[in-house]
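In the working numbering, the protein residues as written are 1076 to 1377. We put the CB at the ideal spot given by N, CA and C, even for glycine. One structure is given below, encoded as structure tokens.
Structure representation (structure tokens):
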């Protein structure tokens, strides 16, 4: 039986006339990485702010490490660390001063010098925060969250603002420094979620739409297998509408998905039956972006 370190029950958050989170239940297992995915305004950030105790203006119940999040004491935050989407520090604090300050908050912090080296910030220790680039500020924000060595680490839009190489490096750092820790993160980057997450939670309009392991969700949503090809036929959808096929069109690039293992043969037969001209027919692995599109009905907006 899974040990749940975060238990959310009937969480409801309303801002004036806007419902941000609409009666959701969520459990996070000890030692897992759970990613919350959804478009802007889905309720992702509000949910994790409530779980972290930053926003206590909610209805429902949230228990973290056995504690009612509305009643936790200061010492509780030795066991939980948060990286916010729009974190910032005083402009005239040096990088080394920020690291020393946050190290002093925790009982067993990670050596921040090793983190500075990992993030490529070792030469910025004497630089004022205000003089860092946007990417360097984001790296420092993540670094500060990792310094805690906390049992639970919550990260909102982990690698936003980083270039592709820095994003890849950050993912590797997270894997290296958080083994055995519980991570709850939000992200718009599907490759990031695929690389880090044990389970993913899709949110839309304040509700949880789907939750589970990625491979299991592929099957549940009927898109375990995927065939792609090129065709200029504008009515390609009609060829596949009689069966449980999920069709995605991007110009002349067509993707057909379903759980059928012999999908490429089926697609080829259907195309030939309807006299459709096509090229480059091939089988590909289904990606998390396909799952996003199937569940939310739109492409990922990064």
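Sorting 1176, 1307 and 1078 by C-alpha distance to the C-alpha of residue 1218 places 1176 at the top. Cα atoms of residue 1120 and residue 1354: separation of roughly 43 Å, rounded to the nearest angstrom.
Rounded to the nearest angstrom, the gap between the Cα atoms of residue 1261 and residue 1337 is 35 Å. Scanning 1278, 1168, 1289 and 1099 for the CA closest to the CA of residue 1201 turns up 1168. Where residue 1252 is concerned, the enclosing alpha helix (DSSP H) starts and stops at 1239-1252. Boundaries for residue 1152: no alpha helix (DSSP H) harbours it, and the DSSP string shows neither H nor E there.
In this model, residue 1252 and residue 1104 are separated by some 19 Å (Cα to Cα).
Secondary-structure assignment with DSSP links residue 1285 through a beta bridge to 1277. Apart from sequence neighbours up to five positions away, the residues of its chain that approach residue 1345 with a beta-carbon distance below 7 Å are 1314 and 1315, ordered along the chain. For the pair residue 1155 and residue 1138, the CB atoms are not nearer than the 8 Å cut-off. Here residue 1222 has 1177, 1178, 1184, 1185 and 1187 as same chain residues with Cβ atoms under 6 Å from its own Cβ, once five neighbours each way along the sequence are excluded. Inclusion of residue 1083 and residue 1101 in the CB contact set at 8 Å is warranted, their separation being smaller than that value.
Using a Cβ-Cβ distance cut-off of 8 Å, the stretch 1295-1313 and the stretch 1263-1271 are not in contact, since fewer than three pairs of beta carbons, one from each stretch, lie closer than that value.
The beta carbon of residue 1136 sits closer than 6 Å to the beta carbons of 1084 from its chain, once the five residues preceding and following it are set aside; these are given in chain order. In the DSSP assignment, residue 1174 is bridged to no other residue.
Looking at 1235, 1098 and 1273, the one whose alpha-carbon comes closest to that of residue 1250 is 1273.
In summary, residue 1090 is exposed, with fewer than 16 beta-carbon neighbours lying within 10 Å of its beta-carbon over all protein chains present. Assignment of residue 1257 by DSSP, reduced to helix, strand and coil, places it in the strand class. With at least 16 other beta carbons inside 10 angstroms of its own, residue 1276 counts as buried. The residue from 1248, 1371 and 1078 with its alpha-carbon nearest to that of residue 1106 is 1078. Its Cα nearest to that of residue 1362, the residue 1299 stands out among 1128, 1349 and 1299.
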